[in-house]
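*Asks:* Same order as they appear, the protein sequences are chains A and B. Under the working numbering, the first residue of the first sequence carries the number -6, and numbering increases by one thereafter. Under the working numbering, the first residue of the second sequence carries the number 108, and numbering increases by one thereafter. Glycine included, every Cβ here is placed at the ideal spot set by N, Cα and C. No experiment lies behind these values; they were computed from the predicted model shown. Supplied in structure tokens, the structure appears directly below.
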Amino acid sequence: MTLTQAKGHFYKQYLKLFKAAGEWEFILVYPLVHLFSMGFLSAFVGGEDSARVALTYMFVGAFSWNFYVLAQKGITYGILHEIWSDSVKHLATAPAGIIDFIIGNGAYSLLSGLMAWLLMYLCAKIFFAFDIFAGGPVIVLGLIGLWLYGMAEGLIVNAIMLLKGPEYMSITWIITGIVMVTSAVYYPLSILPEPIRTAASILPTTHAIESIRQAILGGNPIAPGINAVVLGVAYLLVASFVFSKSLTRSKQNGTILRL
Amino acid sequence: MSIVQVLKLKKSFGDFKAVNEISFEVEKGEIFGVLGPNGAGKSTTLNMLATLIEPTGGTAIINGFDIKKDTKKVQEIIGLCTSSTKFFWDFNAIEILNYYAMLYDLDSGARKRRIASLIERFEITEFQNKKFAELSTGMKQKIALAKSLINKPKVWFLDEPTNGLDLEVSKTVRKVIRDTVKEENTTVLLTSHHLSEVEELSKRIALINKGELVVVGSIKQVKEGLNFFDTIHFTLAKQSDATQLEFIKKIDGFEYMRVDETRVLVRARSPQKLIGKLINGLENKNVKIYDLEIKRASLEDAFLKLIKGGSSSK
Ligand SMILES: Nc1ncnc2c1ncn2[C@@H]1O[C@H](COP(=O)(O)OP(=O)(O)O)[C@@H](O)[C@H]1O
Ligand SMILES: [Mg+2]
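What follows is the structure, encoded as structure tokens:
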């Protein structure tokens, strides 16, 4: 593992950003679509005060959601671009390891997530007088939790694609769908029925979003923030292991040749 | 010194044995040819040596490193290039080479130098800023070859590198292979079904068929091993002279003769030695001939014979 090798992965993603128009969808289009639809929705529901709280819930949800999706996408597209261009074998025979892959693509995940955040921050501020940074620097904990978990999920999707083929990319949408409902992205955890609430408690996203929300609403963001980071690290470690095993398996049974 | 030792290498896909316990050695600095019909297991062998897939059994030692245990060390000192190699279609040559140079841990100075030298060697300059998707097959293959040399590999695996290229580009590719071996002291393992290409580049070859190693050795040894020799051809001025040719069978090194009206074919272990006696004999017997020529047994013929043998033994 070296910095240059990690940089190689980042370099590829960075170039793709300026070459593949589709890249901007995730950074420009979806975040703003979320932001504006949530903004108008919360203006529509409730009176003045409760509308403000609803807006916070929905905006924290939209900000967090897009950050996590971009973290996940950075890792998944690290492989997917290669599969689409039929160049996986170059990657699979290069001496850059899995850690280089995670660091390089993870750095790009972070960059793209922050770019989306900047854009959303400006629009939320200008059009809805909402400041995501009102809670102070403590929201970094939640962001790290989202980032780590997003990368972990990306690695799991990669592991599946290495063994089953790129069609399985669509698994992503199933997982993100489940995560969206379960981790109480747009509403308080207490609204969820009991069994789902238990499932929610083991997802880093639940804690991360709760932490960012608490920071803005003046509650306690530290405890959920730390939970999010610790869980995020655990998920990432497990996912890295799974990804590495799946790469070995793919080289053993030859599926790597057919990607 | 053997830089590559292939030791009972084996690969199964499910129940199917694609490569079955093959062993051979490659000397440092040589261009070693791996030949065999389609589906013989050539690519599978190279892919295992290049760490793209894992062997089911056996292993190989490359420059002292075991492909199974020291995979990363092996990856650092090898390059793999196949035919119709693809890269990101929206990247240009410089970007492609830069990307891989980083994955091979070349620092920024080393990247610049290596890429500049490869671009010169492969004459990439004029299209270096064009998207990969917009390039001709020949240009694409030049980039593929350059990429596979980005880390100055000690062992260079080439899987049918001129497949699908026109004659001129193929010639350039062969020249670059020879030059690289000379300049960088690289060892090459080359598969090809252009047999003449292997004959031109390699001294030693391995023939594989249906996953089994048939024979390994110098091209001369392989031809002899397959009982395939150079032939002498000539035409008789008078067909009636055909009866006068029996003496040829008694000449040293004679293998086989066929007379087809006035056309005569003689197969011999060493026709260059036999031909003097043959001409003398014909003169003594007053047999007039014309169109005398020696046809060298091509590997192509040996190869076709092998495949025919292979399929008839089913
Ligand atoms: N990934 C794979 N899965 C299953 N069978 C394979 C795979 N790769 C190659 N094979 C089979 O292994 C045999 C050898 O293939 P290959 O090494 O590509 O032959 P060659 O390069 O000599 O033409 C073929 O019968 C091929 O169908
Ligand atoms: Mg092949």
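In chain B, which residues lie less than 7 Å from A:K5 when you measure between Cβ atoms?
*Replies:* Per Cβ cutoff of 7 Å: Y206.
*Asks:* Beta-carbon of A:G90 versus every beta-carbon of chain B: anything under 8 Å?
*Replies:* With 8 Å as the cut-off, A:G90 counts as an interface residue toward chain B.
*Asks:* Please determine, among A:A47, A:W140 and A:V222, the residue with the shortest C-alpha to C-alpha distance to A:R206.
*Replies:* Ranking the options by Cα distance to A:R206, first place goes to A:A47.
*Asks:* Output needed for A:L34: all residues of its chain with C-beta closer than 6 Å, excluding positions within five of it in sequence on either side, in chain order.
*Replies:* Cβ within range, chain order: n/a, list empty.
*Asks:* A:G158: which of A:G211, A:G247 and A:F11 sits nearest, CA to CA?
*Replies:* Considering only alpha carbons, the answer is A:G247.
*Asks:* Hey, how far is the Cα of B:K421 from the Cα of A:A64?
*Replies:* Annotation note: pLDDT 29 at B:K421 (below 50); position unreliable, coordinate value reported separately. Whole-angstrom Cα-Cα distance: 56 Å.
*Asks:* With DSSP run on the structure shown, which of helix, strand or coil describes B:K124?
*Replies:* Three-state DSSP puts B:K124 in a strand.
*Asks:* Going by C-alpha distance, which of A:G67, A:Y23 and A:P24 is nearest A:L148?
*Replies:* Ranking the options by Cα distance to A:L148, first place goes to A:G67.
*Asks:* Leaving out five residues on either side along the sequence, give the residues of the same chain with a beta carbon under 6 Å from the beta carbon of B:K149.
*Replies:* Around B:K149: V141, G143 and T298.
*Asks:* In angstroms, rounded to a whole number, what distance separates the CA positions of A:N213 and A:P181?
*Replies:* Straight-line Cα distance between these residues: approximately 14 Å.
*Asks:* So, with DSSP's three-state summary, where would you put A:S114?
*Replies:* Note on residue identity: the sequence assigns Tyr, not Ser, to residue 114 of chain A. Note: A:Y114 maps to helix in three-state DSSP.
*Asks:* Just the Cα atoms here: how many angstroms apart are B:I396 and B:A404?
*Replies:* Roughly 22 Å between the two C-alpha positions.
*Asks:* Rounded to whole angstroms, what's the CA-CA distance from A:C116 to A:L25? Just pull it up for me.
*Replies:* Straight-line Cα distance between these residues: approximately 8 Å.
*Asks:* Please check if any C-beta of chain B sits within less than 8 Å of the C-beta of A:T(-5).
*Replies:* It does: the Cβ of A:T(-5) has a partner Cβ on chain B nearer than 8 Å.
*Asks:* Taking only three categories from DSSP, how would you classify B:L385?
*Replies:* Residue state, collapsed to three classes: helix.
*Asks:* Within 10 angstroms of the Cβ of A:D93, are there 16 or more other Cβ atoms? Answer buried if so, exposed if not.
*Replies:* Label assigned to A:D93: buried.
*Asks:* When the Cα atoms are used, what is the spatial distance from A:Y61 to A:G15?
*Replies:* Cα to Cα, the separation comes out at about 18 Å.
*Asks:* So B:I174 packs on B:L156, CB below 8 Å; how close in whole Å?
*Replies:* Confirmed, Cβ separation roughly 6 Å.
*Asks:* With a threshold of 8 Å between beta-carbons, can B:F120 be considered close to chain A, or not?
*Replies:* Answer yes: the Cβ-Cβ gap between B:F120 and chain A drops below 8 Å somewhere.
*Asks:* Apply the 10 Å Cβ neighbour rule to A:L230 and answer buried if 16 or more other Cβ atoms are within range, or exposed otherwise.
*Replies:* Classification of A:L230: exposed, given that the 10 Å Cβ count is below 16.
*Asks:* Out of B:V126, B:F123, B:E137 and B:S119, which has the shortest C-alpha to C-alpha gap to B:M108?
*Replies:* Cα-wise, what sits closest to B:M108 is B:E137.
*Asks:* At a Cβ threshold of 8 Å, is A:K118 touching chain B?
*Replies:* By this cut-off, A:K118 is not an interface position.
*Asks:* Collect the residues with a C-beta less than 5 Å away from any heavy atom of ligand 1 and give them in sequence order along the chain.
*Replies:* Any residue whose Cβ sits closer than 5 Å to a heavy atom of ligand 1 makes the list: A:G247, A:L250, B:F120, B:A125, B:N145, B:G146, B:A147, B:G148, B:K149, B:S150 and B:T151.
*Asks:* Out of curiosity, what's the CA-to-CA distance linking B:L308 and B:V181?
*Replies:* Near 25 Å, if we compare the C-alpha coordinates of B:V181 and B:L308.
*Asks:* Would you kindly work out how many angstroms separate the C-alpha atoms of A:G54 and A:Y179, rounded to a whole number?
*Replies:* Roughly 5 Å between the two C-alpha positions.
*Asks:* Mind pulling the beta strand (DSSP E) runs of 3 or more residues that sit fully within the segment 254 to 321 of chain B?
*Replies:* Runs of the beta strand (DSSP E) inside the segment 254 to 321 of chain B: 262 to 266, 294 to 298 and 311 to 316.
*Asks:* Just verifying my parser: in three-state terms, what is the DSSP assignment at B:Q112?
*Replies:* Here B:Q112 sits in strand by DSSP.
*Asks:* Using a Cβ-Cβ distance under 8 Å, would A:I149 count as near chain B?
*Replies:* It does not; no Cβ of chain B falls within 8 Å.
*Asks:* Mapping the DSSP letters down to three states, classify B:S419 as helix, strand or coil.
*Replies:* Interpretation of B:S419 is limited by its pLDDT of 35, a score under 50 that renders its predicted location unreliable; no figure is taken from the coordinates.
*Asks:* Taking 7 Å as the limit between beta carbons, can you name the residues of its chain near A:V172, skipping five residues before and five after?
*Replies:* So the list reads L196 and T198, once near-sequence residues are dropped.
*Asks:* At a threshold of 7 Å, does B:D266 count as lining ligand 2 (C-beta to nearest heavy atom)?
*Replies:* B:D266 Cβ: within cutoff of ligand 2.
*Asks:* Which residues in the same chain as B:Q346 place their Cβ atom closer than 8 Å to its Cβ, once the five residues preceding and following it in sequence are excluded?
*Replies:* Excluding residues within five positions, the ones whose Cβ falls inside 8 Å are E368 and T369.
*Asks:* Just to confirm my understanding: we take B:V133, look at its own chain, exclude 5 residues before and 5 after, and list those with CB closer than 7 Å. What are they?
*Replies:* Closer than 7 Å at Cβ, skipping near neighbours: S109, I110, V111, F139, T294 and L296.
*Asks:* Whole beta strand (DSSP E) runs in the segment 321 to 379 of chain B with 3 or more residues, listed along the chain?
*Replies:* You should have 338 to 343, 361 to 367 and 370 to 375.
*Asks:* Looking only at its chain, what residues have a beta carbon closer than 7 Å to the beta carbon of B:E202, apart from the 5 residues adjacent to it on each side?
*Replies:* Closer than 7 Å at the Cβ level, and outside the excluded window around B:E202, lies no residue.
*Asks:* Below 7 Å on C-beta distance, what does B:K261 contact in chain A?
*Replies:* Those do not exist, as B:K261 stays about 13 Å from chain A at its closest Cβ, beyond 7 Å.
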